[in-house]
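Structure first, then comments.
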Amino acid sequence: MYTTHVHGKDRGDMGLMSGFWPPIDSQEALVDNTPGTEIYSDIAPQEGELVIKKHRYSAFYNTDLETQLRNRGIDTLIITGTVTNMCCESTARDAQFRDYKTIFVSDATGTMDHPDLGAGAMSAEDVQKATLTSLSFCVAEIASADEVIERL
Numbered sequence: 213m214y215t216t217h218v219h220g221k222d223r224g225d226m227g228l229m230s231g232f233w234p235p236i237d238s239q240e241a242l243v244d245n246t247p248g249t250e251i252y253s254d255i256a257p258q259e260g261e262l263v264i265k266k267h268r269y270s271a272f273y274n275t276d277l278e279t280q281l282r283n284r285g286i287d288t289l290i291i292t293g294t295v296t297n298m299c300c301e302s303t304a305r306d307a308q309f310r311d312y313k314t315i316f317v318s319d320a321t322g323t324m325d326h327p328d329l330g331a332g333a334m335s336a337e338d339v340q341k342a343t344l345t346s347l348s349f350c351v352a353e354i355a356s357a358d359e360v361i362e363r364l
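By this note's numbering, the letter at position 37 of the sequence shown is numbered 249, and the numbering carries on one by one without gaps.
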C-alpha cells in the first residue's frame with residue numbers, strides 16, 4: 213500500500229496545515245494531481261495496488277487505511293518514505309497505538325535539515341538519528357532495508 217499527502221484545490225481539507233509551510237498555504241505544493249505529488253516512478257504503484265490519499269502527517273488520520281489493513285488481515289507495517297520525523301513517524305506512532313507491529317526502515321526513510329524556528333537548528337542526520345532513537349523506545353522496531361528484505 214502507498215500513501216500520498218495531498219490537498220484539494222478548494223482547500224477544504226487543509227485545516228491548520230496551511231499555516232505550517234508557506235508553499236502549502238500558497239498552493240505551490242501538495243495540491244492533488246499536480247506535479248510533485250506523484251509517487252516516484254521507480255517504485256510507483258502497480259495495477260491493483262492501493263494508494264491512500266491523506267491530508268495530515270499520519271496515514272491513519274481521517275483515511276480508510278485501518279479498514280483496508282484489517283480487511284486484508286495485515287498486522288505488521290513496514291514504514292518507508294518521507295519525511296522521517298513527520299509523516300513516517302506520525303504513521304508509525306498511530307500504527308503502534310492501534311496494535312500493529314511496526315518496522316521502521318532506517319535507510320528507506322529520510323528527512324531534511326531543520327532551521328532554527330525557536331528551538332535550535334538540526335541537521336537532517338541529527339533529526340534522523342533522534343527520530344529513530346525515539347521510535348526504537350516502545351514504538352517500532354528499527355531495521356535497515358537489507359534486514360527487512362532478508363526476513364521476507
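Here a beta-carbon is modelled for each residue, glycine too, at the ideal position from N, C-alpha and C.
Checklist line | Top-ranked residue by Cα proximity to T292, from N283, G285, T303, R284 | finding: T303
Next item on the list: Rank V218, C350, I354, R284 by C-alpha distance to the C-alpha of Y269 and give the top, closest one.
Entry: V218
Note to self: Please identify the residue among Q308, H326, L228, T294 whose C-alpha is closest to the C-alpha of A352.
What the structure shows: Q308
Item checked: Nearest neighbour of S318, chosen from S253, E359, D276, G330 [CA to CA] -> E359
Check: Which residue comes first and which comes last in the alpha helix (DSSP H) that contains I236?
Finding: Residue range 234-237 is occupied by the alpha helix (DSSP H) that includes I236.
Check: Which residue from P327, A256, T314 puts its Cα closest to that of M213?
Finding: A256
Notebook entry, point to check: Once you ignore the five residues that flank D225 on each side, which residues in its own chain have a CB closer than 7 Å to its CB?
Noted result: By the criterion of a C-beta distance shorter than 7 Å, D225 is surrounded in its chain by H219, H267, once the five residues flanking it on both sides are discounted.
Next item on the list: Give the secondary structure of A342 by DSSP, where H, G and I count as helix, E and B as strand, and everything else as coil.
Entry: helix
Margin query: Quick check on the DSSP output: the alpha helix (DSSP H) that includes E180 runs from which residue to which?
Written below: Because the chain here runs from 213 to 364, residue 180 falls outside it and cannot be looked at.
Notebook entry, point to check: At which residue ranges does the stretch 249-337 contain complete beta strand (DSSP E) runs of 3 or more residues, listed in the order of the chain?
Noted result: Every beta strand (DSSP E) of 3 residues or more that sits fully in the stretch 249-337 is shown, in chain order, as 263-266, 288-294, 313-322.
Item checked: Close beta carbons around M334, own chain, < 8 Å, minus the five adjacent residues each side -> Annotation for M334: D325, H326, A342 place their beta carbon closer than 8 Å to its own, counting only its chain and skipping 5 residues before and after.
Margin query: Tell me the rounded alpha-carbon separation between T345 and A320.
Written below: 16 Å
Check: Exposed or buried, L329, counting other C-beta atoms within 10 Å across all chains shown (16 or more means buried)?
Finding: Counting Cβ neighbours within 10 Å, L329 comes out exposed, since fewer than 16 surround it.
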